[in-house]
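The sequence shown runs 1340 to 1529 under my numbering.
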Amino acid sequence: MKKWLFMVICSLILLLPLKGFAHSYVSESSPADGETVMEAVDELHLLFNGGIEPFSTVTVKKDGEEIETGEIIIDSPYMYVEMSESLTAGTYEVEWQAIGSDTHLTEGQYSFTVDESVNASPEDEEPAEERQIIDDVETEETVSENEQAEESNAAENTDANEENALLMIGALALITMIIIGVIVLRGRKK
Ligand SMILES: [Cu+2]
1340 MKKWLFMVIC
1350 SLILLLPLKG
1360 FAHSYVSESS
1370 PADGETVMEA
1380 VDELHLLFNG
1390 GIEPFSTVTV
1400 KKDGEEIETG
1410 EIIIDSPYMY
1420 VEMSESLTAG
1430 TYEVEWQAIG
1440 SDTHLTEGQY
1450 SFTVDESVNA
1460 SPEDEEPAEE
1470 RQIIDDVETE
1480 ETVSENEQAE
1490 ESNAAENTDA
1500 NEENALLMIG
1510 ALALITMIII
1520 GVIVLRGRKK
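Structure below.
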């Protein structure tokens, strides 16, 4: 019995430093990573795969220069970022820093593009049919970019899934240790 207890304690000591708690990463966002949106953006939505605490934050940059954000609302697992001024044509980087429910910091970044040229194009100068074709092509591009974005999000989440598996193993080891501990204590009393 003591050998078992020793082995369980050893495995716990090995497991716990690896990952005690799941960390939070962005699993979805609007606009999405790699997306091209055709209207100015007033608000960013970030959805995390785990709980986030107040003081989680984002920095928005255009061409490497920081842009002022308005209010950042944390409604775990969502974060809403109101922009002081609408994000017009350009490519934007969103750098996020999240404080997970275990108070550990995670960070990452994604980018999206605003391209208002489709809406801004003078309608009376282009034949309607031609414009339809252009619209179709651009819609397809946006779709494939969104698919890519989903793939890259899936890659980021692999890390989190491994953490969850380790968490499960750790929890099982802990339960086993408690059960063995109770048996050992009872044995001593008798
Ligand atoms: Cu942690």
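Virtual Cβ for every residue (Gly too), placed ideally from N, Cα, C.
Predicted, not measured: the structure shown is a model, and the values here were computed from it.
- Boundaries of the beta strand (DSSP E) around Ser1425: Tyr1417 to Leu1426.
- Following the DSSP letters along the chain, one finds Tyr1364 in no beta strand (DSSP E), marked with neither H nor E.
- About 10 Å separates the Cβ atoms of Ile1411 and Val1399, ruling out a contact at the 8 Å cut-off.
- DSSP places Asp1381 inside the beta strand (DSSP E), whose first and last residues are Val1380 to Phe1387.
- Taking C-beta atoms as the reference points, Gly1409 and Ser1395 fail to come closer than 9 Å.
- Annotation for Asp1414: the continuous beta strand (DSSP E) segment containing it runs Thr1408 to Asp1414.
- 9 Å or more divides the Cβ of His1384 from the Cβ of Thr1445.
- In this structure, Gly1447 has its CB at a distance of at least 8 Å from all heavy atoms of ligand 1.
- Taking the Cβ of Gly1439 as the reference point, at least one heavy atom of ligand 1 falls within a distance shorter than 8 Å.
- Around the Cβ of Glu1405, a 10 Å sphere holds fewer than 16 other Cβ atoms; the residue is exposed.
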